[in-house]
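**Q** Got a structure for you, questions after.
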Amino acid sequence: MADGSGTTKVDGGMAVAKTLKAAGVSKIFALHGGHLDAAFKGFLDNGIDLVDTRHEASAGHAAEAWARLTGDLGVCMITAGPGFTNALTPMMNALHDGTPVLFMAGSPPLREEGLNILQGGVDQVAMARPATKHAIRVTDPDRIPDMLAHAITIARGGRPGPVFIELPIDVLARPARLPAALPRPVAPASTAPDAEQLARIVAALEQAERPVVVLGGLARYQAVPEQIRNFADRTGMPIVATSRAMGMIGRDHPAYAHEPVSIAVAAAQGQAPDLILMLGSRFGMFLAGRTRAFFPETARIIQVHSDPAEFGRIHQPDLVSTATIGAFADAVTAAWTPPPERLHGWRAALVAASQSVGSEFENMDAGGGINPYHAAKAVADAAPDGTTFVIEGGETGLWMAYHAAVNHPGGVCTYGQLGALGIGMGFAIGAAHARPGHPVIQVTGDGAIGFHLQEFEPMVRQRLPIVTVVLNNNAWGMSIHGQQILYGENYSAISVLGDVRYHDVAKGFGCYGERVARLEDIGPAIGRALDSGLPGCIDVTVDLAVVAPGTAAMLGDGSPTEIMVPYYENIPLD
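Using my numbering, you'd call the opening residue of the sequence shown number 16 and step up by one each time.
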């Protein structure tokens with residue numbers, strides 16, 4: 016209802032909906048809670064699609080997958096108290112991996128503070144602050160538009176990340192005055208390198224004989240694939256991509272050399288790079304930590320990242336730039352002078368090295384089931400073009416990383432620095448909604464699948480083309496293998512699981528399901544699941560005796576001069 020002041024009166028829930036609609040939000044992942052009904056009605060009245068899950072964590076993970084696949088803001092809304100605490104893990108996951116997600120939660124009425132009310136006494140904003148870039152409570156319905164727009168600006172800007180807005184139930188119910196022109200989020204700025212800086216970087220790149228680009232997840236939100244491909248075509252440099260950057264260059268591009276481990280393989284073959292361009296990537300666990308496994312001591316390092324706090328973390332770069340990734344790629348492409356063919360021999364060598372990663376498993380047989388390396392390869396081979404891979408699990412994730420490659424941005428959704436299990440089902444739901452009509456294959460272990468089995472139900476109800484492949488070895492594979500490396504091959508501490516028939520569990524929710532015990536049956540089973548018109552679950556029996564190399568690598572070489580520590584650097588003995 017309009018008044019004489021040029022504003023329109025609506026309730027707070029409608030104010031939320033209209034503000035998000037104006038910001039371009041079309042889909043919100045949620046689980047119902049009575050605190051949120053005023054907002055939900057506003058969403059439906061404004062044509063914003065509500066996608067529900069069976070656990071708040073899955074809603075949060077779905078919103079993150081939406082952001083990864085679309086390159087834009089994901090939105091999650093959860094209820095107060097336990098609904099909010101259930102979403103803390105996806106908040107922290109998005110923070111660590113730099114994904115722009117708006118989390119909104121209801122809360123008890125402000126006017127009943129301190130009265131021992133339902134879900135009262137929880138300072139949700141204080142809890143969200145260390146898990147987000149920005150956390151705030153709305154106390155005045157009139158402030159809803161500007162506070163939401165500001166939060167979205169923060170989520171998308173710089174290094175993207177999650178933000179949190181608390182919306183008390185009485186703020187959503189009370190009247191709000193909407194201005195005639197709703198505030199809009201400020202679009203992220205595109206920043207080019209300055210001329211002097213660009214000249215130094217281009218000179219270093221042109222003088223290098225074996226340069227390689229390590230493309231990081233920041234590129235997903237600061238560039239488009241055409242910018243990265245034009246850069247690769249003009250310079251002739253090979254590109255390796257972290258999981259969140261896969262698809263920005265594309266598996267079919269001649270410069271694509273898969274993951275950063277390819278650098279270490281090439282170095283072992285006598286083809287070490289002499290310059291590494293960190294393009295939207297940062298040093299840490301996925302780039303070999305404090306070791307120089309991916310970064311030869313003699314190689315120069317150039318790092319391009321929006322967050323200058325990343326410069327000098329672990330390794331000291333020789334040159335740096337805070338330019339945004341697309342603008343940097345365009346500037347180098349325009350300034351480049353040597354013919355790209357100059358580097359094609361080196362590019363071919365690194366691509367060849369990438370194709371030899373995992374070759375030691377090609378002819379390895381398994382004893383008590385299918386070799387998991389071969390199982391993962393069979394899954395990748397069976398995936399139709401345009402498939403998004405959702406990957407989780409300890410060793411399952413390591414096996415699948417050998418084979419997952421895509422041509423669309425965000426096409427590999429997997430765990431990151433937080434190392435969270437339970438992400439897969441929500442990621443798969445979000446991915447399916449982000450790319451309607453395209454298949455999603457979720458590959459998970461029999462440990463990880465147990466976190467959120469109930470999400471098969473909304474997959475069926477929403478008729479999502481998701482096939483879940485469970486690599487089933489009746490164990491927490493990374494856990495038991497790590498324990499046996501540490502304490503002997505007969506040791507196990509709460510790391511053995513029962514022989515659960517996950518395909519039958521999925522069929523109970525209405526999915527298509529099969530169990531597979533032979534390697535040659537994996538591809539046809541996936542094909543039948545995709546053709547069924549239902550979400551599917553293929554339960555694959557794999558051999559527990561096969562240890563992923565990554566598990567052993569995380570524990571070192573068993574040197575008697577070190578104390579082995581799972582997942583982290585070993586402790587030197589005095």
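Idealized CB from N, CA, C, for every residue including glycine.
Around the C-beta of Ser-574, are 16 or more other C-beta atoms found within 10 angstroms, so that it is buried, or is it exposed?
**A** Against the sequence shown, residue 574 aligns to sequence position 559. Looking at its Cβ environment, which holds fewer than 16 other Cβ atoms inside 10 Å, Ser-574 is exposed.
**Q** Looking only at DSSP bridge pairs, what is Ser-336 linked to?
**A** Sequence index remark: in the sequence shown, residue 336 carries index 321 (1-based). BP columns for Ser-336 point to Val-319.
**Q** Could you tell me the distance, in whole angstroms, from the CA atom of Gly-136 to the CA atom of Glu-128?
**A** The count along the sequence shown starts at 1 and reaches residue 136 at position 121. The count along the sequence shown starts at 1 and reaches residue 128 at position 113. Gly-136 and Glu-128: Cα-Cα distance of roughly 8 Å.
**Q** Excluding sequence positions up to five away, which residues of its chain have a Cβ less than 7 Å from the Cβ of Gly-538?
**A** Stepping through the sequence shown from its first residue, residue 538 is reached at position 523. Its chain contains Ala-393, Asp-396 and Ala-397 as the residues whose beta carbon lies nearer than 7 Å to that of Gly-538, once the 5 sequence neighbours on both sides are disregarded; these appear in chain order.
**Q** Look at the Cβ atom of Leu-486, then the Cβ atom of Ala-390, and state whether they are nearer than 8 Å.
**A** Start at 1 with the first residue of the sequence shown, and residue 486 comes out as number 471. Start at 1 with the first residue of the sequence shown, and residue 390 comes out as number 375. It is a contact, given that the beta carbons lie within the stated cut-off.
**Q** The alpha helix (DSSP H) with Thr-100 in it runs from where to where?
**A** For the purposes of this step, residue 100 is taken as the residue at position 85 of the sequence shown. Segment 97 to 101, the alpha helix (DSSP H) holding Thr-100.
**Q** Quick one: give me the first and last residue of the alpha helix (DSSP H) that Gln-498 is part of.
**A** Here residue 498 is taken as the residue at index 483 of the sequence shown, counted from 1. Residues 492 to 502.
**Q** If we ignore side chains and look at the alpha-carbon of each, how far apart do Ile-541 and Arg-530 end up?
**A** Position 526 of the sequence shown holds residue 541. Position 515 of the sequence shown holds residue 530. For Ile-541 and Arg-530, the gap between their C-alpha atoms comes out near 11 Å.
**Q** Mapping the DSSP letters down to three states, classify Asp-546 as helix, strand or coil.
**A** The residue you call residue 546 lines up with position 531 of the sequence shown. Here Asp-546 sits in helix by DSSP.
**Q** Write down every uninterrupted run of the beta strand (DSSP E) in the region 103 to 175 whose length is 3 residues or greater and which is fully enclosed by it, in chain order.
**A** 116 to 122 and 149 to 152
**Q** With a threshold of 8 Å, are at least 3 pairs of Cβ atoms found where one atom belongs to the region 494 to 505 and the other to the region 466 to 473?
**A** no
**Q** For Arg-235, which of helix, strand or coil comes out of DSSP?
**A** As a first step, residue 235 must be located in the sequence shown, where it is residue number 220. DSSP places Arg-235 in helix when its eight states are reduced to three.
**Q** Quick check: the Cα distance between Gly-327 and Arg-362, rounded to an integer number of angstroms?
**A** Counting from 1 along the sequence shown, the entry for residue 327 is found at position 312. Counting from 1 along the sequence shown, the entry for residue 362 is found at position 347. Rounded to the nearest angstrom, the two C-alpha atoms are 28 Å apart.
**Q** Hey, out of Tyr-388, Gly-431, Pro-354 and Ala-166, whose CA is closest to Thr-34's CA?
**A** Residue 34 sits at position 19 when you count from the first residue of the sequence shown. Checking every option, the nearest Cα to that of Thr-34 belongs to Ala-166.
**Q** Tell me Ile-291's beta-bridge partners as DSSP assigns them.
**A** On the sequence shown, position 276 is the one that residue 291 refers to. Per DSSP, Val-227 and Ile-316.
**Q** For a quick check, are the C-beta atoms of Ala-45 and Leu-65 less than 8 Å apart?
**A** Stepping through the sequence shown from its first residue, residue 45 is reached at position 30. Stepping through the sequence shown from its first residue, residue 65 is reached at position 50. Their beta carbons are under 8 Å apart, which means Ala-45 touches Leu-65 by this criterion.
**Q** I'd like to know whether the C-beta atoms of Ala-78 and Gly-89 end up nearer to each other than 8 Å.
**A** Sequence index remark: in the sequence shown, residue 78 carries index 63 (1-based). Sequence index remark: in the sequence shown, residue 89 carries index 74 (1-based). Yes, they are a contact pair.
**Q** Taking Asp-289 and Ala-223 to be in contact with their CB atoms under 8 Å, please state how far apart those CB atoms are, rounded to whole angstroms.
**A** Within the sequence shown, residue 289 is the residue found at index 274, counting from 1. Within the sequence shown, residue 223 is the residue found at index 208, counting from 1. With a Cβ gap of about 5 Å, Asp-289 and Ala-223 count as contacting.
**Q** Any idea what DSSP makes of Asp-209, helix, strand or coil?
**A** Taking the sequence shown and counting its residues from 1, the one referred to as residue 209 is at position 194. Reduced to three states, the DSSP call for Asp-209 is coil.
**Q** CB-CB under 6 Å to Asp-161, same chain, minus the five flanking residues each way: which ones, in chain order?
**A** Here residue 161 refers to the residue found at position 146 when the sequence shown is read from its first residue. The answer, listed in chain order, is Pro-198.
**Q** Where Phe-404 and Pro-550 are concerned, what is the direct C-alpha to C-alpha distance, given to the nearest angstrom?
**A** Position 389 of the sequence shown, counting from 1, holds the residue named residue 404. Position 535 of the sequence shown, counting from 1, holds the residue named residue 550. Distance between the alpha carbons of Phe-404 and Pro-550: 15 Å.
**Q** If we ignore side chains and look at the alpha-carbon of each, how far apart do Leu-365 and Pro-253 end up?
**A** Sequence index remark: in the sequence shown, residue 365 carries index 350 (1-based). Sequence index remark: in the sequence shown, residue 253 carries index 238 (1-based). Cα-Cα distance, rounded: 7 Å.
**Q** Specify the secondary structure class of Tyr-527 as computed by DSSP and reduced to three states.
**A** Locating residue 527 in the sequence shown gives position 512, where the first residue counts as 1. Note: Tyr-527 maps to strand in three-state DSSP.
**Q** When DSSP builds the beta bridges, which residues end up paired with Phe-179?
**A** The sequence position of residue 179 within the sequence shown is 164, counting from 1. Beta-bridge pairing links Phe-179 to Phe-118 and Ala-150.
**Q** Tell me, please, whether the CB atom of Ser-369 is closer than 8 Å to any CB atom in chain D?
**A** This model lacks chain D altogether; it includes just one protein chain.
**Q** One question on the structure: do Met-107 and Ala-146 come within less than 8 Å of each other, judged by their Cβ atoms?
**A** The count along the sequence shown starts at 1 and reaches residue 107 at position 92. The count along the sequence shown starts at 1 and reaches residue 146 at position 131. Going by beta carbons, Met-107 and Ala-146 fall inside the 8 Å limit.
**Q** In the DSSP assignment, find the unbroken alpha helix (DSSP H) run with Ala-367 in it and report its ends.
**A** Taking the sequence shown and counting its residues from 1, one reaches residue 367 at position 352. Here the alpha helix (DSSP H) through Ala-367 covers 359 to 370.
**Q** Quick one: is Gly-452 buried, meaning 16 or more other Cβ sit within 10 Å of its Cβ, or exposed?
**A** Taking the first residue of the sequence shown as 1, we reach residue 452 at position 437. Classification for Gly-452: exposed.
**Q** When the distance is taken between beta carbons, is Gly-75 closer than 8 Å to Gly-431?
**A** One-based indexing of the sequence shown puts residue 431 at position 416. One-based indexing of the sequence shown puts residue 75 at position 60. The criterion of a C-beta distance shorter than 8 Å is not satisfied by Gly-431 and Gly-75.
**Q** Rounded to a whole number of angstroms, what is the C-alpha to C-alpha distance between Met-415 and Pro-454?
**A** Looking up residue 415 in the sequence shown gives position 400. Looking up residue 454 in the sequence shown gives position 439. One C-alpha to the other measures close to 17 Å.
**Q** Thinking C-beta only, is Phe-309 closer than 8 Å to Ile-329?
**A** In the sequence shown, residue 329 corresponds to position 314, counting from 1. In the sequence shown, residue 309 corresponds to position 294, counting from 1. In this structure, Phe-309 does not lie closer than 8 Å to Ile-329 by Cβ.
**Q** Applying the criterion that 16 or more other CB atoms from any shown protein chain within 10 Å of the CB defines a buried residue, is Met-261 buried or exposed?
**A** On the sequence shown, position 246 is the one that residue 261 refers to. Classification of Met-261: buried, given that the 10 Å Cβ count is 16 or more.
**Q** If you run the structure through DSSP and keep just helix, strand and coil, what is Thr-459?
**A** As a first step, residue 459 is located in the sequence shown; it is residue number 444 there, counting from the start. Three-state DSSP puts Thr-459 in a strand.
**Q** With DSSP as the reference, label Val-557 as helix, strand or coil.
**A** Taking the first residue of the sequence shown as position 1, residue 557 is located at position 542. Strand, per DSSP.
**Q** Could you have a look at Leu-276 and say whether DSSP puts it in helix, strand or coil?
**A** Taking the sequence shown and counting its residues from 1, one reaches residue 276 at position 261. Strictly speaking, residue 276 in this sequence is Val, with Leu absent from that position. The answer is helix: DSSP assigns Val-276 an H, G or I state.
**Q** Can you find at least 3 beta carbon pairs, one from the region 261 to 273 and one from the region 200 to 217, that sit closer than 8 Å?
**A** no
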